[in-house]
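Let me begin by presenting the structure, written as structure tokens, before commenting on it.
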Amino acid sequence: TAIVAGFLVSAFGGSRLQIAGPTGAFIVILSGITAKHGIAGLQLATLMAGMMLIAMGAARFGSVIRYIPNPVIVGFTTGIGVIIWVGQWKDFFGLHPLMQAEHFHQKLGHLLAALPDFHPATTALALLALLLNLYSPRLFKRVPGPLVAMVAVTVVQAAFGFDGVATLGSAFGGIPTALPAFSWPDFSGSDVVKLVGPAFTIALLGAIESLLSAVVADGMAGTHHDPNQELIGQGLANVAAPLFGGFAATGAIARTATNIRNGATSPLGGMVHSAVLLAIVLLMAPLAAYIPLCALSAILFVVAWNMSEIHHFLHLLRTAPRADMAILLITFSLTVLADLVIAVNVGVVLASLLFMHRMSQAVEVQDESGLHEGLAQPAGRRTLIYGIDGPFFFGAAEKLQTTLASINDQVDTVVLRMGRVPFMDATGLDALGELIDDFLHAGAKVVLCEVRPNVLTKLERAGIVEKIGRERIYADVAAWRAAFTPSAGA
8 TAIVAGFLVS AFGGSRLQIA GPTGAFIVIL SGITAKHGIA GLQLATLMAG MMLIAMGAAR
68 FGSVIRYIPN PVIVGFTTGI GVIIWVGQWK DFFGLHPLMQ AEHFHQKLGH LLAALPDFHP
128 ATTALALLAL LLNLYSPRLF KRVPGPLVAM VAVTVVQAAF GFDGVATLGS AFGGIPTALP
188 AFSWPDFSGS DVVKLVGPAF TIALLGAIES LLSAVVADGM AGTHHDPNQE LIGQGLANVA
248 APLFGGFAAT GAIARTATNI RNGATSPLGG MVHSAVLLAI VLLMAPLAAY IPLCALSAIL
308 FVVAWNMSEI HHFLHLLRTA PRADMAILLI TFSLTVLADL VIAVNVGVVL ASLLFMHRMS
368 QAVEVQDESG LHEGLAQPAG RRTLIYGIDG PFFFGAAEKL QTTLASINDQ VDTVVLRMGR
428 VPFMDATGLD ALGELIDDFL HAGAKVVLCE VRPNVLTKLE RAGIVEKIGR ERIYADVAAW
488 RAAFTPSAGA
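Its first residue numbered 8, the sequence shown is counted upward by one per residue in our numbering.
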């Protein structure tokens with residue numbers, strides 16, 4: 008994954024300095040897909056996600072994805088961090104839970120029950136790896152802390168041979184020394200249907216994480232990335248990786264930052280990264296069998312902490328409005344207790360509903376009749392002028408209906424000033440059409456002023472212009488006022 012996807016993202020992505028590959032954010036998703044659908048299902052879901060990413064980039068959704076509300080992003084990234092952290096207890100402490108569980112709360116209960124029987128040697132090596140991961144960069148500024156921790160703990164275990172310490176070799180048999188051959192995933196139509204949801208989750212999370220990583224790279228290096236091209240590059244990478252035995256990849260913030268800090272100025276850095284990984288796999292893979300799992304779990308402890316953004320999470324809890332705080336907690340809770348698919352979908356839907364509610368509250372319908380004195384009034388009847396300020400979409404339609412429904416049948420003319428209406432949707436057009444029908448049925452005339460060209464086009468298509476008459480559409484109130492003569496029935 009790191010070799011194939013990493014090279015393609017550097018070659019075809021929209022960020023000059025992005026380093027892509029497998030990341031900690033995908034652990035929860037990919038392990039769940041593998042447990043349910045197997046490796047073949049994981050690879051098919053990755054390939055489908057790659058196609059979705061290419062489609063997103065081609066449709067220029069890159070900028071749109073960046074507008075997913077912050078509470079949703081922080082909620083599920085913090086939730087993933089918690090899941091990764093708890094999921095590594097078993098290897099960090101050398102635990103042997105009595106039962107395997109599917110849900111988070113069940114896993115946590117079994118791990119807590121097994122915690123008193125932790126393995127001392129495994130725990131000591133894990134703590135050593137954790138300390139080296141955190142503090143070795145102060146001594147070895149050019150060497151990543153995880154690499155120092157992994158090598159040092161592997162050497163200690165190889166030298167002393169502590170009993171009961173699980174390694175990659177004892178648990179999984181090590182890493183193959185040859186690259187997998189090209190192969191097309193074997194699947195059926197039913198497999199595709201089953202994996203649409205997981206594939207969408209991979210695509211969404213991959214898009215978000217890669218674009219966030221690209222933003223971080225821009226801030227560090229003073230560059231500017233193309234979000235749509237980045238999605239296309241990520242899509243090509245995720246289509247190609249499973250064809251060579253890989254799985255989902257995305258932009259890796261930590262590796263991208265390391266790339267920039269060490270002087271990278273072009274995509275060549277990512278390509279060299281892939282080539283070096285290829286050499287390591289071919290020449291040094293047999294040594295990986297000696298790596299203790301507790302060293303990897305300690306590294307993932309740090310990954311989970313960095314990913315969780317606890318400080319950002321707590322800051323939002325202290326300062327965010329209550330509605331945003333609720334979305335943050337709901338997304339976090341669903342990520343931990345349910346799954347990321349549900350969490351992301353619910354979080355985005357709730358955030359969208361909140362946005363629409365706020366937008367509808369921002370739309371104003373004001374009686375401006377008092378601002379236009381001196382209008383000629385037919386005997387016993389009157390003229391009302393209302394100004395609409397804000398987008399006239401389905402969220403604001405009810406406000407207009409509620410405001411204007413109180414107008415009694417003693418009104419001769421209703422003037423709607425629409426100069427501050429930037430757009431209208433189908434629901435807004437229907438609501439306006441119903442109100443006009445009510446006014447016409449009551450014997451009142453409707454006049455529209457200051458209508459923008461794009462809105463006027465929609466009114467014409469909806470038949471509203473024909474309904475009220477084109478002669479009752481004016482450039483502004485002054486033009487209508489000049490043309491107004493009771494005897495002409497204007």
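By construction, the Cβ of each residue, glycine as well, lies at the ideal position given by its N, Cα and C atoms.
Keep in mind that this is a model prediction, so the values were computed, not measured.
Over what stretch of residues does the alpha helix (DSSP H) that includes residue i continue unbroken?
i, result
"Y142", "P127 to Y142"
"L423", "No alpha helix (DSSP H) contains L423, which is instead part of the beta strand (DSSP E) from V418 to R427."
"Q373", "Segment E371 to D374 is the beta strand (DSSP E) holding Q373; no alpha helix (DSSP H) there."
"I10", "It is not in any alpha helix (DSSP H) - I10 carries neither H nor E in the DSSP assignment."
"S220", "V203 to A228"
"A330", "R329 to L344"
"H232", "H232 -> no alpha helix (DSSP H), and no H or E assigned at all."
"I267", "I260 to R268"
When we look at the beta-carbon of residue i and count the other beta-carbons within 10 Å, is it buried (16 or more) or exposed?
i, result
"N235", "buried"
"N266", "buried"
"A485", "exposed"
"R23", "buried"
"P183", "exposed"
"M291", "exposed"
"N461", "exposed"
"A249", "It should be pointed out that residue 249 corresponds to Pro in this sequence rather than to Ala. With 16 or more other Cβ atoms within 10 Å, it is buried."
"G213", "buried"
"H110", "exposed"
"D124", "exposed"
"H232", "buried"
"Y142", "exposed"
"P385", "Note that P385 scores a pLDDT of 43, beneath 50, so its modelled location is shaky; the value from the coordinates is reported in the next line. Classification for P385: exposed."
"V162", "exposed"
"E523", "Residue numbering for the chain in the displayed model covers 8 to 497; residue 523 lies beyond these limits and cannot be assessed."
"I287", "exposed"
"A9", "buried"
"N313", "exposed"
"T129", "buried"
"D346", "buried"
"A383", "Low confidence applies here, because A383 scores a pLDDT of 46, under 50, leaving its location unreliable and the question unanswered by this model."
"H364", "exposed"
"F399", "buried"
"P127", "exposed"
"F100", "buried"
"S494", "With a pLDDT of 46 at S494, under the threshold of 50, the predicted position of this residue should be treated as unreliable, though the coordinate-derived value follows. Exposed."
"P293", "exposed"
"R424", "buried"
"S315", "buried"
Just to check my reading of the structure: residue i and residue j have Cβ atoms closer than 8 Å, yes? What is that Cβ distance to the nearest angstrom?
i, j, result
"N140", "I317", "In fact, because the Cβ distance is near 18 Å, the residues do not count as touching under 8 Å."
"L466", "V458", "7 Å"
"S224", "T263", "Looking at the sequence provided, one finds Ala at residue 224 rather than Ser. Sure, about 5 Å apart at Cβ, within 8 Å."
"I26", "A228", "Not really, about 13 Å apart at Cβ, beyond 8 Å."
"A18", "I239", "Not confirmed; about 11 Å, so no contact."
"G57", "L243", "7 Å"
Can you tell me where the beta strand (DSSP E) holding residue i begins and where it ends?
i, result
"M389", "With the sequence shown as reference, residue 389 is identified as Arg, and Met is not the correct amino acid for it. Element bounds for R389: R389 to D396."
Please determine if the stretch 317 to 336 and the stretch 193 to 206 are in contact, where contact requires at least 3 C-beta pairs separated by less than 8 Å. Contact fails: fewer than three Cβ-Cβ distances are below 8 Å.
The stretch 293 to 300 contacting the stretch 148 to 164, beta-carbon criterion three pairs below 8 Å: Segments in contact, yes.
Uninterrupted alpha helix (DSSP H) stretches inside the stretch 436 to 494 (no shorter than 4 residues): Runs of the alpha helix (DSSP H) inside the stretch 436 to 494: 460 to 468, 471 to 475 and 484 to 490.
Please go through the stretch 273 to 318 and give each complete alpha helix (DSSP H) segment of 4 or more residues, from N-terminal end onward. Qualifying alpha helix (DSSP H) stretches, in chain order: 275 to 291 and 300 to 315.
Could you check whether the stretch 117 to 131 touches the stretch 95 to 105, counting it as contact only if at least three pairs of C-beta atoms, one from each stretch, sit closer than 8 Å? Contact holds: three or more Cβ-Cβ distances are below 8 Å.
Evaluate the contact criterion for the stretch 264 to 283 versus the stretch 65 to 78: three or more CB pairs, one atom per stretch, below 8 Å. Touching, no, given that fewer than three Cβ pairs across the two stretches are closer than 8 Å.
Decide yes or no for the touch test of the stretch 23 to 32 against the stretch 253 to 262: beta carbon pairs closer than 8 Å, at least 3 of them. Flag = yes, the stretch 23 to 32 and the stretch 253 to 262 touch.
Pairs of beta-carbons, one from the stretch 78 to 90 and one from the stretch 339 to 355, closer than 8 Å: are there three or more? For the pair of segments examined, the stretch 78 to 90 was found to touch the stretch 339 to 355: the number of CB pairs separated by less than 8 Å reaches three.
The stretch 127 to 137 touching the stretch 362 to 377, judged by at least three CB pairs closer than 8 Å: No: the two stretches stay apart, fewer than three of their Cβ pairs being nearer than 8 Å.
Three CB pairs or more closer than 8 Å across the stretch 34 to 47 and the stretch 85 to 104: Under the three-pair Cβ rule at 8 Å, the stretch 34 to 47 counts as touching the stretch 85 to 104.
Entirely enclosed alpha helix (DSSP H) segments - the stretch 87 to 122, minimum 4 residues: With a minimum length of 4 residues, the continuous alpha helix (DSSP H) runs that stay inside the stretch 87 to 122 are 96 to 100 and 111 to 121.
Report the start-end ranges of each alpha helix (DSSP H) in the stretch 140 to 180 that is 4 residues or longer and not cut off at the edges. Counting only runs of 4 or more, we get 152 to 167 and 175 to 179.
Every unbroken beta strand (DSSP E) within the stretch 35 to 70, with a cutoff of 3 residues, ordered by chain: Listed in chain order, nothing qualifies, since the stretch 35 to 70 has no complete beta strand (DSSP E) run of 3 or more residues.
Should the stretch 386 to 400 be called in touch with the stretch 419 to 431, which here means at least 3 C-beta pairs below 8 Å? Contact holds: three or more Cβ-Cβ distances are below 8 Å.
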